[in-house]
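Participant:
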Amino acid sequence: MTRLLPIVCLFLSEATLAEAALQESETHELTSYQQYQAWLENLLLELGADGQFDPEKGIDWSVMPGPFYTPEKKFGIGVSAVGLYKPDINDIDSQPSSITVNGFGSINGAYGVSINNANYLNNDKYRLFVDAELTDSPDVFHGMGVDAGIHNERVNYDRRSYSASITGMTRVLPFTYLGIGLSFFHNEASNAKQENTHIPWIGDDLAEFPSTQRNIGSMLNLTYDSRDFALNASKGRLIELEYQHFSTELGSDNDFERVRLNYSDYRALSSTPGVLAWQIRSESNFGDVSWDQMAMLGGAEALRGYEQGQYRGRNMLISQVEYRQPLSGRHGIVYWLGAGTLAEEFDQLGQDEWLYSVGVGYRFEIKQRVNLRLDIGFGNDQSGFYFAINEAF
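The sequence shown maps to residues -20 to -1, 1 to 373 in mature numbering (1 follows the signal peptide of the UniProt record, and there is no 0).
Dropping the structure here:
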């Protein structure tokens, strides 16, 4: 997970004042502070963070860099970029398509890049999603289950991973889509080392990481999606049921199945400005599931405030609720509560300890209804800073 230096939030919080400084400069001599504000506004415009979307540009890009620090990656620079576009400029029914790119590099040699591409086509009759990720970075493993994540000493290892997926969907009923897809995962683990070998290990034997792990699977998806804008919904509902089948016949190292369910709801409030959003997600894995394909809690989306990789298991359940409050200009603030747990069997979910998350986040609109987010989340004796584009859910 990415812990961003708080200076980025302060840097962006000047943007509205900077715009006013530019307007005042037309008739008055600028003070030093106003000159700084004007410089900041010009910089944001150069980065494409104008708060607008112009479909005439083809792909309308915005790029935002920022420093970060994590114990594993040390100091580094992260870059988040989003491009909005209309495949058919005359298509007034489809929401803008998007390309989101997140990358990082750190002083200890860790690096990674991810690309998420969402296409809304032919008056939203068809949808095409393409995702890819490359990472070479330190990672952690604590075993399987909540108890193992809490009590086991961490195993540090180096992980190199490649993944890609493609999903095509067609509308079969109003707001309802049926899709098929294919997923590919390749993971390499090396230099695994337990921090404290004198503490007993809870659960299965300490993982003996294979030199490589490859999994390829097919996917079926049924989705109901009435959201007004996928990247930052203010109203509507998303219900997703996804089934994945990983098979040695497709070239996978393991035979297993995965079922995911996601329910997300978004309500514009009438009594106070803002949006109330909540989500319930579950994931269940059956069969010979490899260590790298277990469900995971933590990270920038699934229970912020916990280190991704510490809590893994066959079955996962999380719920989170978020109040998204607009402030003046392009600024906003977010508050959330969340809870999650893991289990070996689906009917055992809730029997192990629950992990809780609470946090607050800053939002800055870099493109029309597309936010840069800076979140700080607090978990059970943990915390994390997150820097990304688009909402957590």
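All C-beta atoms, glycine included, are put in the ideal place defined by N, C-alpha and C.
Everything numeric in this text was worked out from a predicted model, so none of it was measured.
Determine the DSSP secondary structure at A172, reduced to helix, strand or coil.
Facilitator: Three-state result, A172: strand.
Participant: Hey, could you find the ends of the beta strand (DSSP E) L335 is sitting in?
Facilitator: That run of the beta strand (DSSP E) goes 335 to 347.
Participant: Using 10 angstroms around the beta-carbon of L153, count the other beta-carbons present and answer buried if the total reaches 16, otherwise exposed.
Facilitator: Counting Cβ neighbours within 10 Å, L153 comes out exposed, since fewer than 16 surround it.
Participant: I think I39 touches Y65, with their Cβ atoms under 8 Å apart; what is that distance to the nearest whole Å?
Facilitator: That belief holds up - the Cβ atoms of I39 and Y65 are roughly 4 Å apart, short of 8 Å.
Participant: Compute the distance between the beta-carbons of G279 and D119, then report whether it is under 8 Å.
Facilitator: Not closer than 8 Å, so no.
Participant: CA-CA distance, L322 and P35?
Facilitator: The alpha-carbon atoms of L322 and P35 are separated by roughly 44 Å.
Participant: Are the CB atoms of D116 and S145 within a distance shorter than 8 Å?
Facilitator: No, the pair does not count as a contact, with Cβ atoms beyond the cut-off.
Participant: Does DSSP put D245 in a helix, in a strand, or in coil?
Facilitator: Strand.
Participant: Who are the near neighbours of N201 in its chain, counting only those whose CB is closer than 6 Å to its CB and skipping five residues on each side?
Facilitator: Contacts found: G159, E222.
Participant: Use the C-beta contact count for S170: other C-beta atoms within 10 angstroms, 16 or more gives buried, fewer gives exposed.
Facilitator: Burial call: exposed.
Participant: When DSSP builds the beta bridges, which residues end up paired with I87?
Facilitator: Note: I87 sits in no beta bridge, so no partner.
Participant: For the alpha helix (DSSP H) containing Y16, name the first residue and the last one.
Facilitator: Y16 -> alpha helix (DSSP H) spans 12 to 26.
Participant: What are the boundary residues of the beta strand (DSSP E) that H131 is part of?
Facilitator: Looking at the DSSP string, H131 is not in any beta strand (DSSP E); the run it does join, the alpha helix (DSSP H), is 126 to 131.
Participant: Mapping DSSP to helix, strand and coil, what is F373?
Facilitator: Looking at F373 - three-state DSSP - the assignment turns out to be coil, as it is neither helix nor strand.
Participant: DSSP three-state label for L230, please.
Facilitator: Note: L230 maps to helix in three-state DSSP.
Participant: Only counting the same chain, and skipping five residues up and downstream in sequence, which positions put a Cβ closer than 6 Å to that of S232?
Facilitator: Closer than 6 Å at Cβ, skipping near neighbours: N195, I196, F226.
Participant: Assuming K53 and A90 make a contact with CB atoms under 8 Å, what is their CB distance in whole Å?
Facilitator: With a Cβ gap of about 4 Å, K53 and A90 count as contacting.
Participant: Which term fits N82, buried or exposed, when burial requires 16 or more other beta carbons within 10 angstroms of its beta carbon?
Facilitator: By the neighbour-count rule (16 or more Cβ atoms within 10 Å), N82 is buried.
Participant: State buried or exposed for L335, treating a residue as buried only when at least 16 other CB atoms are found within 10 Å of its CB.
Facilitator: Per the 10 Å Cβ criterion, buried.
Participant: As a quick exercise: from G318, R349, K347, M296, pick the residue whose alpha carbon is nearest that of Q331.
Facilitator: The shortest C-alpha separation from Q331 is found at M296.
Participant: Between the alpha carbons of S270 and D205, how many angstroms are there, rounded?
Facilitator: C-alpha separation (whole angstroms): 31 Å.
Participant: May I have the straight-line CA-CA distance separating S337 from F326, to the nearest angstrom?
Facilitator: S337 and F326: Cα-Cα distance of roughly 22 Å.
Participant: If you count every other CB in all the chains shown that lies within 10 Å of the CB of F365, and 16 or more means buried, which is it?
Facilitator: It counts as buried.
Participant: Per DSSP, what kind of secondary structure is E36 in: helix, strand or coil?
Facilitator: Correct three-state label for E36: helix.
Participant: Terminal residues of the continuous beta strand (DSSP E) containing residue 385?
Facilitator: With the chain covering -20 to 373 only, the question about residue 385 has no answer from this structure.
Participant: Could you give the DSSP three-state label for D361: helix, strand or coil?
Facilitator: D361: coil per DSSP, three-state reduction.
Participant: What do you reckon, are the CB atoms on G267 and E237 nearer than 8 Å?
Facilitator: Contact: yes.
Participant: Taking the CB atoms as reference points, tell me whether G341 and R353 lie closer together than 8 Å.
Facilitator: It is a contact, given that the beta carbons lie within the stated cut-off.
Participant: According to DSSP, simplified to helix, strand and coil, what is F155?
Facilitator: Here F155 sits in coil by DSSP.
Participant: Let me check one thing: in DSSP terms, what residues is V301 bridge-paired to?
Facilitator: Bridge partners of V301: W258, L317.
Participant: Would G357 and R294 qualify as a contact pair, given that the criterion is a beta-carbon distance under 8 Å?
Facilitator: For G357 and R294, no; Cβs fall outside 8 Å.
Participant: Measuring alpha carbon to alpha carbon, tell me which of P67, R247, F84, S363 ends up nearest A213.
Facilitator: When each option's Cα is compared against that of A213, the closest is R247.
Participant: Rounded to whole angstroms, what's the CA-CA distance from N167 to N88? Just pull it up for me.
Facilitator: Cα to Cα, the separation comes out at about 20 Å.
Participant: Residues bridged to W41 by DSSP?
Facilitator: Bridge partners of W41: G63.
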